[in-house]
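Numbering (the UniProt record's numbering), first residue to last: 1 to 150.
For reference, the structure is listed below as structure tokens.
Given below as structure tokens:
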């Protein structure tokens, strides 16, 4: 399956989900619906941009040379373990709390997926948690699961 087809499927699924969420957000009061609708529109724009980028890359690749598509195999074991880790994270979120569990989870996922080095993984996981704290707790006053910290 070509990269363009994969990105087309992913973009299509994302657009279906954001359409459903946008329709559901219309039932919220205007002030409560504003932020979710902004986020939904941004996600839709990014999905369309992902498709356009894949289309442009496909044209470049077709013009120059054919790539070996068989070299990009999906590691089913890694996908399964990642999915299980998400389920475990969700299960323990209320028990342990967001501010303890999230940086640990993000760091563990970065290391498991070999996405970055240790220092950058620490900075990203703590920085992301601090950003969420600032946006949701301080700016929006939305409660976050505190777990053992409450």
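Each residue gets a CB set at the ideal place from its N, CA and C atoms; glycine is no exception.
In this text the structure is predicted, and so the values were computed from the model without any measurement.
> Taking the alpha helix (DSSP H) that residue 115 falls in, what are its first and last residues?
Replying inline: Here the question's residue 115 lines up with position 115 in the chain shown. Per DSSP, residue 115 belongs to no alpha helix (DSSP H) and is neither H nor E.
>> Can you give me the C-alpha to C-alpha distance between residue 47 and residue 15, rounded to a whole angstrom?
In response: Looking up residue 47 in the chain shown gives position 47. Looking up residue 15 in the chain shown gives position 15. Each residue's alpha carbon lies about 7 Å from the other.
> Which one of 100, 42 and 52 has the shortest CA to CA distance from residue 149?
Replying inline: In the chain shown, residue 149 corresponds to position 149, counting from 1. Comparing Cα positions, the closest option is 100.
> For residue 116, does the count of other Cβ atoms within 10 angstroms reach 16, so buried, or fall short, so exposed?
Replying inline: Counting from one through the chain shown, the residue named residue 116 turns up at place 116. With fewer than 16 Cβ atoms within 10 Å of its Cβ, residue 116 is classed as exposed.
> Smallest Cα separation from residue 23: which of 122, 37 and 11?
Replying inline: As a position in the chain shown, residue 23 is number 23, starting the count at 1. The residue with the shortest Cα to Cα distance from residue 23 is 37.
>> For the region 137-149 against the region 79-98, do three or more pairs of beta-carbon atoms, one drawn from each stretch, fall closer than 8 Å, so that the two count as touching?
In response: yes
> Which stretch, first to last residue, makes up the alpha helix (DSSP H) that contains residue 25?
Replying inline: For this step, residue 25 is matched to residue 25 along the chain shown. DSSP places residue 25 in the uninterrupted alpha helix (DSSP H) bounded by 3-25.
>> Can you tell me whether residue 77 is helix, strand or coil according to DSSP?
In response: Counted from its first residue, the chain shown places residue 77 at position 77. Note: residue 77 maps to helix in three-state DSSP.
> Whole-angstrom Cβ separation of residue 3 and residue 58, contact assumed at under 8 Å?
Replying inline: Sequence index remark: in the chain shown, residue 3 carries index 3 (1-based). Sequence index remark: in the chain shown, residue 58 carries index 58 (1-based). Their Cβ separation, rounded to whole angstroms, is 7 Å, which keeps residue 3 and residue 58 in contact under 8 Å.
> What distance in whole Å lies between the Cβ atoms of residue 106 and residue 125, which are believed to be in contact at a cut-off of 8 Å?
Replying inline: Here residue 125 refers to the residue found at position 125 when the chain shown is read from its first residue. Here residue 106 refers to the residue found at position 106 when the chain shown is read from its first residue. That belief holds up - the Cβ atoms of residue 125 and residue 106 are roughly 4 Å apart, short of 8 Å.
> Apart from the five residues just before and just after residue 128, which ones in its own chain have a Cβ nearer than 7 Å to its Cβ?
Replying inline: Here the question's residue 128 lines up with position 128 in the chain shown. These residues qualify, in order along the chain: 106.
> To the nearest whole angstrom, what separates the beta carbons of residue 8 and residue 51, a pair I think is in contact under 8 Å?
Replying inline: As a first step, residue 8 is located in the chain shown; it is residue number 8 there, counting from the start. As a first step, residue 51 is located in the chain shown; it is residue number 51 there, counting from the start. Correct: roughly 6 Å between the Cβ atoms.
> Do residue 56 and residue 18 have their C-beta atoms closer together than 9 Å?
Replying inline: Counting from 1 along the chain shown, the entry for residue 56 is found at position 56. Counting from 1 along the chain shown, the entry for residue 18 is found at position 18. Against a cut-off of 9 Å, the Cβ pair of residue 18 and residue 56 comes out as no contact.
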